[in-house]
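Reviewing the structure listed below.
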Amino acid sequence: MLLRRISQHLKEQNWFAVGIEIVIVLVGVFLGIQAANWNNEREQRQDERQILKRLSDETAVLLAAVKEEKRIFQNRTDLLTAVQPVIYSLEVARPLSDAECEAVALSHIYRLGSDELPVLNELIGTGRFDRLRSDELKQELRQYILFRDALRSSHAERTNEIYRLSNRHPDAISVTSVPRETDYAGDWTWLSGEGYRWKPSCDVQRMRSNQSFLNDFFDNSGRSGSVLMSYAEREAMLISLQEKLDALLKS
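Pasting the structure below:
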């Protein structure tokens, strides 16, 4: 219809009418493009809002898991610190408690801490990371990715050579089965069977006189301290990220 009118105006050499029709066409095209842009912008902002909400939810879940893992690891590290003066002859020799002996026997275990934010991986994989308009938030997320990857690498190095003290020094730490107490809730609960549990026994005098054991225990204690520090760093980063997300969702 429009093309027919323009053709008719051209035949009649009605240039004013032709100009009017062309202006109408251009304005229509412009408004159509603007409407598409506005709709696309609205969809992107809705998507960004959903991304922020998912990031906030997943960060909260991860932060809770990290805090709980840190608490458990802090307890074990505190026990290792408490027995060091006894094992290294800085204090009068005394028997180690069950909890202390278990901590020493398990001092070679350094599990990789919880660190996944699934929506962050999704954003990178789908190329939607730049949907986030906050440069400060994107910088924090980039820093978290670098921190996470560095910890995964260090975990691989940390567990490359494990000093399992009960295997390397059976004279200092022996493992035997004992009747299981109904109220027992130690670290070796999951190893218990029907009516019995496994119990490590620590010989402090043999530990003190065995330099190889002392060296291995020092190495395990150092690795445990490093893991605890990484938990503290991860927790601080997630708290900062959560605060940033909360602020953006309220704005």
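At position 187 of the sequence shown the residue is numbered 1477 (our numbering), and the sequence of numbers has no breaks.
Backbone N, C-alpha and C fix where the C-beta goes; we use that ideal spot for every residue, glycine too.
Since the structure is predicted, the reported quantities are computational estimates derived from the model, not experimental observations.
Inset, instruction - Ignore the nearest five residues each way along the sequence and tell me which others in residue 1525's own chain have a CB closer than 8 Å to its CB. - result: Hits under 8 Å: 1353, 1356, 1357, 1360.
Legend entry - Own chain, CB closer than 7 Å to residue 1500, minus 5 neighbours either side, in chain order: Within the same chain, and ignoring the five residues on either side of residue 1500 in sequence, the residues whose Cβ sits closer than 7 Å to its Cβ are 1459, 1462.
Legend entry - Own chain, CB closer than 8 Å to residue 1390, minus 5 neighbours either side, in chain order: Excluding sequence neighbours, residue 1390 sits near 1369, 1372, 1373, 1492.
Legend entry - Nearest neighbour of residue 1434, chosen from 1421, 1411, 1417, 1398 [CA to CA]: Considering only alpha carbons, the answer is 1411.
Legend entry - residue 1514 classed as buried or exposed, judged by whether at least 16 other C-beta atoms fall within 10 angstroms: By the 10 Å Cβ count, residue 1514 comes out buried.
Legend entry - Beta-carbon proximity of residue 1345 to residue 1407, cut-off 8 Å: Against a cut-off of 8 Å, the Cβ pair of residue 1407 and residue 1345 comes out as a contact.
Legend entry - Whole-angstrom distance between residue 1533 and residue 1323, CA atom to CA atom: Whole-angstrom Cα-Cα distance: 38 Å.
Legend entry - residue 1449: first and last residue of the uninterrupted alpha helix (DSSP H) it sits in: From DSSP, residue 1449 is part of no alpha helix (DSSP H); its letter is neither H nor E.
Legend entry - Proximity test, residue 1511 beta-carbon vs the ligand FMN heavy atom, cut-off 7 Å: Although the ligand FMN was asked about, the structure shown includes no ligands whatsoever.
Inset, instruction - Ignore the nearest five residues each way along the sequence and tell me which others in residue 1483's own chain have a CB closer than 6 Å to its CB. - result: Correct list: empty, nothing qualifies.
Legend entry - Best match in 1333, 1405, 1471 for proximity to residue 1388 [C-alpha to C-alpha]: The shortest C-alpha to C-alpha distance from residue 1388 to any of 1333, 1405, 1471 is the one to 1471.
Legend entry - Burial state of residue 1400, where buried means 16 or more other Cβ atoms lie within 10 Å: By the neighbour-count rule (16 or more Cβ atoms within 10 Å), residue 1400 is buried.
Legend entry - 3 or more residues per run - each beta strand (DSSP E) lying fully within the stretch 1481-1533: Runs of the beta strand (DSSP E) inside the stretch 1481-1533: 1486-1492.
Legend entry - Whole-number beta carbon distance between residue 1395 and residue 1494, since they are thought to touch under 8 Å: About 13 Å; that fails the 8 Å criterion.
Legend entry - Nearest-angstrom beta carbon gap, residue 1379 and residue 1498 [assumed within contact, 8 Å]: Confirmed, about 5 Å.
Legend entry - Cα-Cα separation, residue 1521 to residue 1443: Between residue 1521 and residue 1443, the C-alpha separation is close to 15 Å.
Inset, instruction - With DSSP as the reference, label residue 1300 as helix, strand or coil. - result: Below a pLDDT of 50, predicted positions are generally treated as unreliable, and residue 1300, at 49, falls in that range; the measurement from the model is reported next regardless. Note: residue 1300 maps to helix in three-state DSSP.
Inset, instruction - Look at the alpha carbon of residue 1507 and the alpha carbon of residue 1385, and state the distance between them as a whole number of angstroms. - result: Rounded to the nearest angstrom, the two C-alpha atoms are 17 Å apart.
Legend entry - Assumed close pair residue 1539, residue 1343 - CB separation to whole angstroms, cut-off 8 Å: A Cβ-Cβ distance of about 7 Å is found for the pair residue 1539 and residue 1343, placing them in contact under the 8 Å criterion.
Legend entry - Own chain residues within Cβ distance below 7 Å of residue 1421, not counting five before or after: Cβ neighbours of residue 1421 beyond the five flanking positions: 1334, 1337, 1338, 1341.
Inset, instruction - For residue 1512, count neighbouring C-beta atoms within 10 Å of its own C-beta (all shown protein chains included) and say buried if the count is 16 or more, exposed if not. - result: That one is exposed.
Inset, instruction - Look at the alpha carbon of residue 1439 and the alpha carbon of residue 1528, and state the distance between them as a whole number of angstroms. - result: Near 15 Å, if we compare the C-alpha coordinates of residue 1528 and residue 1439.
Inset, instruction - For residue 1523, I'd like the list of residues in its chain whose CB is within less than 6 Å of its CB, leaving aside the five on either flank, ordered along the chain. - result: Excluding residues within five positions, none has a Cβ falling inside 6 Å.
Legend entry - C-beta contact flag for residue 1441 and residue 1405 at 8 Å: Yes; because the gap between Cβ atoms is below 8 Å, this pair is in contact.
Inset, instruction - Look at residue 1468 and residue 1486 and say whether their C-beta atoms are less than 8 Å apart. - result: In contact: residue 1468 and residue 1486 (Cβ atoms closer than 8 Å).
Legend entry - Residues sharing a beta bridge with residue 1466, DSSP: Residue pairing for residue 1466: DSSP places it in a beta bridge opposite 1489.
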